[in-house]
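Q:
Structure below.
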């Protein structure tokens, strides 16, 4: 009947409900762990000694929040610009791209070594190493609405110990300002620069890494969600185009903007590229003993790389291997990734597990050299995430000729193609079946069919999309 939902819609709804149930399980586990830790604290000597300070601490926090609210209410915030209003901003007709000004302001100011900053540095380095690009690329930073070159930053990427001094850079006709770096709070500061660029027929291009805070807010830190939402809405009305780190993210952005009715600059263009998978390693060194021990022996080792956070699926992998170990399979599970957020329970589960240090390992301090060592000795790579912007470990593994077993989500299908093995997302038993099937030869993988772009190819793709106007989506 016409009033009944289509089977496809019903299936998507059921999958969404299952995902929400999975997220609730994470929250429940975290709450139980925190309650347990608090109960231990109540009976500790330190709790009783410092208990009188808790009230003072609470009043101090309340006072700070009250002051912050007063300051926020007093601040004059410029209103967001609607699509019709944004069209009236003074600008000359767009000219053919002449230069690519790559904004690295955020990374120059604060390089915390995150995934975004890794992409910034790798793309910038690749742009400077390629003399055949259609338009020249210049790394820049913005201070008080003025542009400066970043020669010292570029020199550090190239290993040059004698960089040329930075200088102020004038805007030229046809410039494309590529906001590659962290720009959470930069748009107001960059406003005068944007006006000069558009007055010369130039355009503003923003890089978008994922849409996870909008699509999966419960998987993110509480501070990230409103911060990201404010950035996205501002970026949509300030940017002439976006470049996503995958076709999937580009499609998600185009769909999200239109479904939510968000304001954007008329004719907004969206393109995409793939991150590089080549890992830069230094002179071959000897890995630490604990790294060597994790992959020593005959038992196959399965490696999962990623920050310990809810969406990465560490608990799914652990549940699957608990089932495999109970079934008698002698295999190893290795997690590599820094401590994230909302994962105290799963970290406690890993570090107190009976197999920890025997067949279960977690390393939070692995550099590129040791990561390469682990990649090369792993039987296969596991990627059990339920939300990603790209899936770099899949591409890195393929470049090292390592098989990949990953959750069946759109972006992993994009990167893994026909070369990876897939299991139902957030389903430990499905992962168990996939691993046993792969070990028995019933489940096939082919690393040659997995995307493995280099950073040089990523840089060329970015320039091609911008200079040749090869956009995949154009919003009305």
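In the numbering used here, the protein residues as written are 4 to 479.
Backbone N, C-alpha and C define an ideal beta-carbon position, used for all residues, glycine too.
#1: Any contact between the stretch 314 to 325 and the stretch 227 to 236? By contact I mean 3 or more CB pairs, one from each, below 8 Å.
#2: Between residue 99 and residue 203, is the Cβ-Cβ spacing less than 8 Å?
#3: Candidates 328, 301 and 338: which alpha carbon is nearest residue 316's?
#4: Just how far apart, CA to CA, sit residue 146 and residue 247?
#5: With a threshold of 16 other CB atoms inside 10 Å of the CB of residue 37, please say whether the residue is buried or exposed.
#6: Grab the span of the alpha helix (DSSP H) containing residue 234 for me, first residue to last.
#7: If you run the structure through DSSP and keep just helix, strand and coil, what is residue 244?
#8: Relative to the alpha-carbon of residue 420, which residue among 452, 241, 392 and 335 has its alpha-carbon at the smallest distance?
#9: Who does residue 408 pair with in a DSSP beta bridge?
#10: Within 10 angstroms of its Cβ, does residue 362 collect 16 or more other Cβ (buried), or is it exposed?
#11: Should the stretch 404 to 424 be called in touch with the stretch 371 to 390, which here means at least 3 C-beta pairs below 8 Å?
#12: Alpha carbons only, please: which of 96, 282 and 128 is nearest the one belonging to residue 139?
#13: For residue 206, which of helix, strand or coil comes out of DSSP?
#14: Here's the rule I'm using: 16 or more other beta-carbon atoms within 10 Å means buried, otherwise exposed. How should residue 506 be labelled?
#15: Please report the straight-line C-alpha distance between residue 209 and residue 169, rounded to a whole angstrom.
#16: Excluding sequence positions up to five away, which residues of its chain have a Cβ less than 7 Å from the Cβ of residue 346?
#17: For residue 458 versus residue 161, is the C-beta spacing smaller than 8 Å?
#18: Among the residues of its own chain, which have a CB less than 7 Å from the CB of residue 253, if the five just before and after it don't count?
#19: Using the three-state DSSP reduction, which class does residue 143 fall into: helix, strand or coil?
#20: Please report how far the alpha carbon of residue 332 lies from the alpha carbon of residue 300, in whole angstroms.
#21: Verify whether the separation of the beta carbon atoms of residue 374 and residue 282 is less than 8 Å.
#22: Restricting to Cα atoms, I'd like to know which of 422, 96, 412 and 445 is closest to residue 430.
#23: Does DSSP classify residue 489 as helix, strand or coil?
#24: Quick one: what's got a C-beta closer than 7 Å to residue 344's C-beta in the same chain, skipping five residues either side?
#25: Which same chain residues end up closer than 7 Å to residue 367 when comparing Cβ atoms and leaving out the 5 residues on each side of it in sequence?
#26: Let me confirm a value: residue 164 is counted as buried when at least 16 other C-beta atoms fall within 10 Å, else exposed. Which label applies?
#27: Which stretch, first to last residue, makes up the beta strand (DSSP E) that contains residue 274?
#28: Assuming residue 418 and residue 454 are in contact, meaning their beta carbons sit under 8 Å apart, how far apart are those beta carbons, in whole angstroms?
#29: If you count every other CB in all the chains shown that lies within 10 Å of the CB of residue 441, and 16 or more means buried, which is it?
#30: Can you tell me which of the three DSSP states residue 110 falls into?
#31: Name the DSSP bridge partner or partners of residue 281?
#32: Cβ of residue 105 within 8 Å of Cβ of residue 141?
A: If we stick to the structure as given:
#1: Counting Cβ pairs under 8 Å, fewer than three are found: no touch.
#2: For residue 99 and residue 203, no; Cβs fall outside 8 Å.
#3: Measuring from the Cα of residue 316, the nearest candidate turns out to be 338.
#4: Cα to Cα, the separation comes out at about 26 Å.
#5: Since pLDDT at residue 37 reaches only 48, below the 50 mark, its modelled position is unreliable, and the value read off the structure follows with that caveat. Exposed, by the Cβ-count rule.
#6: Start and end: 227 to 241.
#7: Correct three-state label for residue 244: strand.
#8: Between residue 420 and the set 452, 241, 392 and 335, the nearest pair of CA atoms involves 452.
#9: Looking at the DSSP output, residue 408 shares a beta bridge with 385 and 424.
#10: Looking at its Cβ environment, which holds 16 or more other Cβ atoms inside 10 Å, residue 362 is buried.
#11: Touching, yes.
#12: For residue 139, the nearest C-alpha among the options comes from 128.
#13: Under the three-state reduction of DSSP, residue 206 is assigned to strand.
#14: The structure shown does not extend to residue 506, since the chain is modelled only from 4 through 479, so no value can be given for it.
#15: In a straight line, the C-alpha of residue 209 is about 24 Å away from that of residue 169.
#16: 311, 312 and 313, listed in sequence order.
#17: The Cβ atoms of residue 458 and residue 161 lie no closer than 8 Å to each other.
#18: Excluding sequence neighbours, residue 253 sits near 247, 273, 274, 275, 475 and 476.
#19: Of the three classes helix, strand and coil, the one that applies to residue 143 here is strand, per DSSP.
#20: Straight-line Cα distance between these residues: approximately 14 Å.
#21: With respect to the 8 Å criterion, residue 374 and residue 282 are classified as neighbours on the basis of their beta carbons.
#22: Relative to residue 430, the option among 422, 96, 412 and 445 whose CA is nearest is 412.
#23: Here the chain comprises residues numbered 4 to 479, so residue 489 is not present and cannot be evaluated.
#24: Within the same chain, residue 344 has close Cβ partners 224 and 312.
#25: 340, 341 and 342.
#26: By the neighbour-count rule (16 or more Cβ atoms within 10 Å), residue 164 is not buried but exposed.
#27: First-last of the beta strand (DSSP E) with residue 274: 272 to 275.
#28: Contact between residue 418 and residue 454 holds: CB atoms are separated by about 5 Å, below the 8 Å threshold.
#29: Classification of residue 441: buried, given that the 10 Å Cβ count is 16 or more.
#30: Three-state DSSP puts residue 110 in a helix.
#31: DSSP lists no partner for residue 281.
#32: Between residue 105 and residue 141, the C-beta gap is smaller than 8 Å, which places the two residues in contact.
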